[in-house]
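Visitor:
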(Lines of atoms letter the chains of each structure in order from A and count residues from 1; the text may use other names and numbers.)
(Lines give C-alpha, C1' and ligand atoms only; values in the text may rest on other atoms or scores of the structure.)
Protein backbone atom coordinates (compact mmCIF):
# COMPACT_ATOMS: atom_id res chain seq x y z
CA UNK A 1 0.00 0.00 0.00
CA UNK A 2 1.21 3.46 -0.83
CA UNK A 3 -0.86 5.13 1.91
CA UNK A 4 -3.04 4.22 4.85
CA UNK A 5 -6.21 6.14 5.63
CA UNK A 6 -7.11 7.40 9.08
CA UNK A 7 -10.73 7.47 10.24
CA UNK A 8 -11.09 11.14 9.27
CA UNK A 9 -9.79 10.49 5.74
CA UNK A 10 -6.25 11.79 6.20
CA UNK A 11 -3.47 9.75 4.63
CA UNK A 12 -0.43 8.27 6.33
CA UNK A 13 2.55 7.20 4.21
CA UNK A 14 2.82 3.45 3.80
CA UNK A 15 5.70 1.04 3.45
CA UNK A 16 7.42 2.97 0.64
CA UNK A 17 8.06 6.11 2.70
CA UNK A 18 11.50 7.64 2.02
CA UNK A 19 12.03 5.43 -1.05
CA UNK A 20 12.93 7.09 -4.35
CA UNK A 21 11.07 7.11 -7.67
CA UNK A 22 11.47 8.25 -11.25
CA UNK A 23 8.46 9.52 -13.23
CA UNK A 24 8.34 8.45 -16.88
CA UNK A 25 5.69 9.61 -19.33
CA UNK A 26 5.23 9.40 -23.07
CA UNK A 27 3.24 11.51 -25.50
CA UNK A 28 2.53 11.64 -29.21
CA UNK A 29 3.32 15.34 -29.61
CA UNK A 30 6.70 16.72 -30.62
CA UNK A 31 9.36 17.81 -28.15
CA UNK A 32 8.83 21.49 -28.98
CA UNK A 33 5.04 21.28 -28.69
CA UNK A 34 5.30 19.50 -25.34
CA UNK A 35 7.78 22.11 -24.10
CA UNK A 36 5.56 25.02 -25.13
CA UNK A 37 2.15 23.62 -24.19
CA UNK A 38 3.06 21.31 -21.32
CA UNK A 39 1.01 18.36 -22.53
CA UNK A 40 2.60 16.03 -19.97
CA UNK A 41 2.47 18.48 -17.05
CA UNK A 42 -0.82 17.21 -15.65
CA UNK A 43 0.41 13.61 -15.75
CA UNK A 44 3.45 14.52 -13.71
CA UNK A 45 1.42 16.63 -11.28
CA UNK A 46 -0.91 13.69 -10.66
CA UNK A 47 2.00 11.29 -10.15
CA UNK A 48 3.71 13.78 -7.82
CA UNK A 49 0.57 14.28 -5.70
CA UNK A 50 0.14 10.55 -5.15
CA UNK A 51 3.80 9.88 -4.49
CA UNK A 52 4.25 12.81 -2.11
CA UNK A 53 1.24 11.60 -0.12
CA UNK A 54 3.01 8.25 0.08
CA UNK A 55 6.18 9.93 1.37
CA UNK A 56 8.19 8.84 -1.66
CA UNK A 57 11.05 11.08 -2.83
CA UNK A 58 11.20 12.14 -6.47
CA UNK A 59 14.54 11.71 -8.20
CA UNK A 60 13.54 13.05 -11.60
CA UNK A 61 11.20 12.83 -14.52
CA UNK A 62 11.62 11.70 -18.09
CA UNK A 63 9.35 12.52 -21.02
CA UNK A 64 9.39 10.43 -24.15
CA UNK A 65 7.88 12.65 -26.91
CA UNK A 66 7.10 11.67 -30.53
CA UNK A 67 6.01 8.16 -29.53
CA UNK A 68 3.46 7.67 -32.30
CA UNK A 69 4.62 4.62 -34.23
CA UNK A 70 7.75 4.25 -32.08
CA UNK A 71 8.92 0.65 -31.73
CA UNK A 72 11.97 1.11 -29.52
CA UNK A 73 13.06 3.59 -26.86
CA UNK A 74 15.79 5.95 -28.16
CA UNK A 75 19.30 5.47 -26.80
CA UNK A 76 19.48 8.96 -25.26
CA UNK A 77 16.42 8.19 -23.11
CA UNK A 78 17.92 4.82 -22.10
CA UNK A 79 21.11 6.62 -21.06
CA UNK A 80 19.04 9.12 -19.09
CA UNK A 81 17.30 6.23 -17.30
CA UNK A 82 20.70 4.72 -16.44
CA UNK A 83 21.84 8.09 -15.09
CA UNK A 84 18.80 8.29 -12.82
CA UNK A 85 19.23 4.65 -11.79
CA UNK A 86 22.71 5.47 -10.49
CA UNK A 87 21.29 8.49 -8.70
CA UNK A 88 18.64 6.36 -7.00
CA UNK A 89 21.07 3.68 -5.85
CA UNK A 90 23.58 6.07 -4.26
CA UNK A 91 22.67 7.87 -1.06
CA UNK A 92 23.31 11.53 -1.71
CA UNK A 93 25.17 13.59 0.85
CA UNK A 94 23.32 16.78 1.65
CA UNK A 95 25.02 19.60 -0.21
CA UNK A 96 24.86 23.11 1.16
CA UNK A 97 24.99 25.46 -1.82
CA UNK A 98 23.79 28.58 -0.06
CA UNK A 99 26.69 30.74 -1.24
CA UNK A 100 26.23 29.51 -4.82
CA UNK A 101 22.52 30.38 -4.68
CA UNK A 102 23.24 33.87 -3.32
CA UNK A 103 25.74 34.48 -6.13
CA UNK A 104 23.19 33.29 -8.72
CA UNK A 105 20.52 35.51 -7.14
CA UNK A 106 22.88 38.50 -7.17
CA UNK A 107 23.66 38.13 -10.87
CA UNK A 108 20.03 37.45 -11.75
CA UNK A 109 18.95 40.67 -10.01
CA UNK A 110 21.85 42.60 -11.56
CA UNK A 111 20.88 41.47 -15.07
CA UNK A 112 17.20 42.22 -14.40
CA UNK A 113 18.11 45.74 -13.19
CA UNK A 114 20.18 46.27 -16.35
CA UNK A 115 17.27 45.12 -18.54
CA UNK A 116 14.88 47.36 -16.60
CA UNK A 117 17.16 50.36 -17.12
CA UNK A 118 17.34 49.51 -20.82
CA UNK A 119 13.55 49.42 -21.03
CA UNK A 120 13.40 52.80 -19.25
CA UNK A 121 15.60 54.52 -21.88
CA UNK A 122 12.79 54.97 -24.45
CA UNK A 123 10.56 56.26 -21.64
CA UNK A 124 12.95 59.14 -20.75
CA UNK A 125 10.92 61.64 -22.78
CA UNK A 126 7.85 60.78 -20.69
CA UNK A 127 9.62 60.37 -17.33
CA UNK A 128 12.05 63.25 -17.67
CA UNK A 129 14.08 63.98 -14.54
CA UNK A 130 11.23 63.39 -12.10
CA UNK A 131 12.58 61.11 -9.37
CA UNK A 132 9.22 59.60 -8.42
CA UNK A 133 8.19 58.75 -12.00
CA UNK A 134 11.61 57.19 -12.54
CA UNK A 135 11.27 55.20 -9.30
CA UNK A 136 7.71 54.00 -10.03
CA UNK A 137 8.53 53.01 -13.62
CA UNK A 138 11.65 51.13 -12.48
CA UNK A 139 9.71 49.31 -9.75
CA UNK A 140 6.82 48.34 -12.02
CA UNK A 141 9.07 47.16 -14.87
CA UNK A 142 11.36 45.28 -12.47
CA UNK A 143 8.53 43.42 -10.76
CA UNK A 144 6.81 42.57 -14.05
CA UNK A 145 10.10 41.09 -15.26
CA UNK A 146 10.54 39.26 -11.96
CA UNK A 147 7.02 37.82 -12.15
CA UNK A 148 7.58 36.66 -15.73
CA UNK A 149 10.91 35.02 -14.91
CA UNK A 150 9.57 33.31 -11.79
CA UNK A 151 6.49 32.07 -13.65
CA UNK A 152 8.62 30.75 -16.50
CA UNK A 153 11.16 29.04 -14.24
CA UNK A 154 8.60 27.47 -11.88
CA UNK A 155 5.70 26.54 -14.13
CA UNK A 156 6.82 26.47 -17.74
CA UNK A 157 10.45 25.41 -17.98
CA UNK A 158 10.61 22.16 -16.11
CA UNK A 159 12.66 19.27 -17.35
CA UNK A 160 9.73 18.14 -19.50
CA UNK A 161 11.31 18.26 -22.93
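In our numbering, the protein residues as written are 167 to 327. We put the CB at the ideal spot given by N, CA and C, even for glycine.
Can you check which of these residues, 279, 304, 270, is closest to residue 289 by C-alpha distance?
Guide: Closest option to residue 289, Cα to Cα, is 304.
Visitor: Which runs of the alpha helix (DSSP H) spanning at least 4 residues fall entirely within the region 198 to 245, listed in chain order?
Guide: Here the runs fully enclosed are 207 to 219.
Visitor: With C-beta atoms as the reference, is residue 233 less than 9 Å away from residue 189?
Guide: Not a contact, by the Cβ cut-off of 9 Å.
Visitor: Pull up the distance between the alpha-carbon of residue 246 and that of residue 228, whole angstroms please.
Guide: Cα to Cα, residue 246 sits roughly 8 Å from residue 228.
Visitor: Under 8 Å Cβ to Cβ from residue 181, same chain only, skipping five residues before and after it: list those, please.
Guide: The residues are 167.
Visitor: Spatial neighbours of residue 226 within its chain, please: CB distance less than 8 Å, with the 5 preceding and 5 following residues excluded, ordered by chain position.
Guide: For residue 226, where only same-chain residues beyond five positions count, the Cβ hits under 8 Å are 188, 189, 250, 253, 325.
Visitor: Could you tell me the alpha carbon to alpha carbon distance between residue 173 and residue 231, rounded to whole angstroms?
Guide: Cα-Cα distance, rounded: 42 Å.
Visitor: Within 10 angstroms of the Cβ of residue 206, are there 16 or more other Cβ atoms? Answer buried if so, exposed if not.
Guide: By the neighbour-count rule (16 or more Cβ atoms within 10 Å), residue 206 is buried.
Visitor: Ordered along the chain, which non-local residues of its own chain (more than five positions away) have a Cβ less than 7 Å from that of residue 195?
Guide: 205, 231.
Visitor: According to the neighbour-count rule (16 or more other Cβ atoms, all chains shown, within 10 Å of its Cβ), is residue 296 buried or exposed?
Guide: It counts as exposed.
Visitor: Does the beta-carbon distance from residue 312 to residue 278 come in below 9 Å?
Guide: For residue 312 and residue 278, yes; Cβs fall inside 9 Å.
Visitor: To test your reading of the DSSP string, which unbroken alpha helix (DSSP H) runs of 4 or more residues are found completely within the region 246 to 295?
Guide: Listed in chain order, they are 264 to 286, 290 to 293.
Visitor: I need the DSSP call for residue 306, collapsed to helix, strand or coil.
Guide: Helix, per DSSP.
Visitor: Quick check: the Cα distance between residue 212 and residue 308, rounded to an integer number of angstroms?
Guide: Going by the C-alpha atoms only, they are around 34 Å apart.
Visitor: Alpha carbon to alpha carbon, what distance is there between residue 216 and residue 274?
Guide: Taking the straight line from one Cα to the other gives about 34 Å.
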